[in-house]
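Residue numbering for the sequence shown follows the working numbering, beginning at 71 and increasing consecutively.
Only one structure is covered here, and it is reproduced in the block below.
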Amino acid sequence: MAEPLHVSVLLDECIEQLNIRPDGIYVDGTLGLGGHSLEIARRLHNGRLICIDRDESAIERASARLEAFADRITFVHGNFSDTAAILDELGIEAVDGALYDLGVSSPQLDESERGFSYQHDAPLDMRMDTSAALTAYTVVNEWDENRLNRILWDYGEERYARRITAALLANRARKPIESTLELADIIRSAMPAAALREKQHPAKRSFQAIRIAVNDELGEVERMMDTVPDKLRVGGRLCVISFHSLEDRIVKTAIARRENGCTCPREAPVCVCGFVQTLKNLTRKPILPGEEELQRNPRSRSAKLRVAERV
């Protein structure tokens, strides 16, 4: 099978913002096919790179791609939200930079059997870690009306959430919903004509919502943003690429909380709440892909890079 097409999003911008030291210790918490890791590893001499991914097939592919730099890389099958604990297990007290690309990787989208795409028929899976128990099949066929409606509305920001939920319930009452194209057709059937004329696929928001629910993606981003900044050395950089507004909001809020978290009244002459700034926001507005990257990789269209530095 041919190697899947993989284009690392905002690659040059991430490498520039990480401000890599040849002897530093860095984390790529969402390894994927290793495009970001490759450029980090190339800049290390006696430094170290910790590559984390919960998809074992991603680690297998990336380790082959990064073989020339194996002496400076440690691969870990794990969840990026557990980065701090992983570093503790490795005996690493602090790192000089950490990078997280929160998007779904190209193989996960392109390999139909993974069930992420609404354009290819496959079993309803959507697990990033194929050893996890929860699948999209369970979400679609077993979750109750309130829970389904909530994830479609909250995670997919789908304005027709109630109509789609009603269609899912009606269809699964007759027989289980088993495949991605079957699910996409049910979603399409629930949408009004005006929505079907929109540029994006009618199932895009719902598939996003179900994927987020299956993988607890927002909870993982929150846990990472709560713990990883404490593992950065002073001057260390945290780079996070998000792909939808919910993730970006979590990242932005977490950085602001560590930069401007004082709860004292504005009129107070000095801080008495005990707040200590731990991050400095380096990107008041997120870094976005340029026109050249958008033409080369249309999937980067919604990417936003936020960067913070430990102080």
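Just so it is clear, CB atoms sit at the ideal spot from N, CA and C, and this is done for glycine as well.
Exercise for review: Count the C-beta pairs between the stretch 302-320 and the stretch 246-258 that are closer than 8 Å, then say yes if the count reaches three, no if not.
Suggested key: No contact exists between the stretch 302-320 and the stretch 246-258.
Point to revise | Residue of Thr-235, Asp-93 and Leu-302 minimising C-alpha distance to Ala-381 | key: Strictly speaking, residue 381 in this sequence is Val, with Ala absent from that position. Among Thr-235, Asp-93 and Leu-302, the Cα nearest to that of Val-381 belongs to Leu-302.
Check your understanding: What is the rounded straight-line gap between the Cα of Gly-204 and the Cα of Val-342?
Key -> The sequence given here places Leu at residue 204; Gly does not occur at that position. For the pair Leu-204 and Val-342, the Cα-to-Cα distance works out to about 46 Å.
**Study point:** For Val-377, the residue or residues it bridges with in DSSP
**Key:** DSSP lists Cys-309 as partners of Val-377.
Review point. So what does Tyr-96 bridge to, in DSSP terms?
Key: According to DSSP, Tyr-96 bridges with Leu-119 and Gly-167.
Practice item. Leaving aside the five residues before and after Leu-218 along the sequence, list all residues of the same chain whose C-beta is less than 7 Å from its C-beta, in chain order. Key: The residues are Thr-235 and Leu-238.
Point to revise | Coil, strand or helix - Leu-75 by DSSP | key: At Leu-75 the pLDDT is 47, less than 50, meaning the model places this residue with poor confidence; the figure from the coordinates comes in the next sentence. Coil.
Check your understanding: What does DSSP give as the partner residues of Leu-302 in its beta bridges?
Key -> Answer is Val-165.
Review point. So, helix, strand or coil for Val-210, using DSSP?
Key: Here Val-210 sits in helix by DSSP.
**Study point:** For Val-174, three-class secondary structure by DSSP
**Key:** In the structure shown, Val-174 sits in coil (DSSP, three-state: anything other than H, G, I, E or B).
Check your understanding: Between the C-alpha atoms of Pro-339 and Thr-333, what's the straight-line distance to the nearest angstrom?
Key -> Distance between the alpha carbons of Pro-339 and Thr-333: 13 Å.
**Study point:** Contiguous alpha helix (DSSP H) assignments of at least 4 residues, all confined to the stretch 217-304
**Key:** If we require 4 residues or more, the alpha helix (DSSP H) runs fully inside the stretch 217-304 come out as 231-244, 250-260, 263-266, 274-285 and 287-297.
Check your understanding: Grouping DSSP H, G and I as helix and E and B as strand, with all else coil, what is Pro-368?
Key -> The DSSP-derived three-state label of Pro-368 is helix.
Check your understanding: Among all the DSSP beta bridges, which residues are the ones paired with Phe-145?
Key -> The bridge partners DSSP lists for Phe-145 are Cys-121.
Review point. Taking the C-alpha atoms as reference points, what is the distance between Arg-293 and Ser-151?
Key: Cα to Cα, the separation comes out at about 6 Å.
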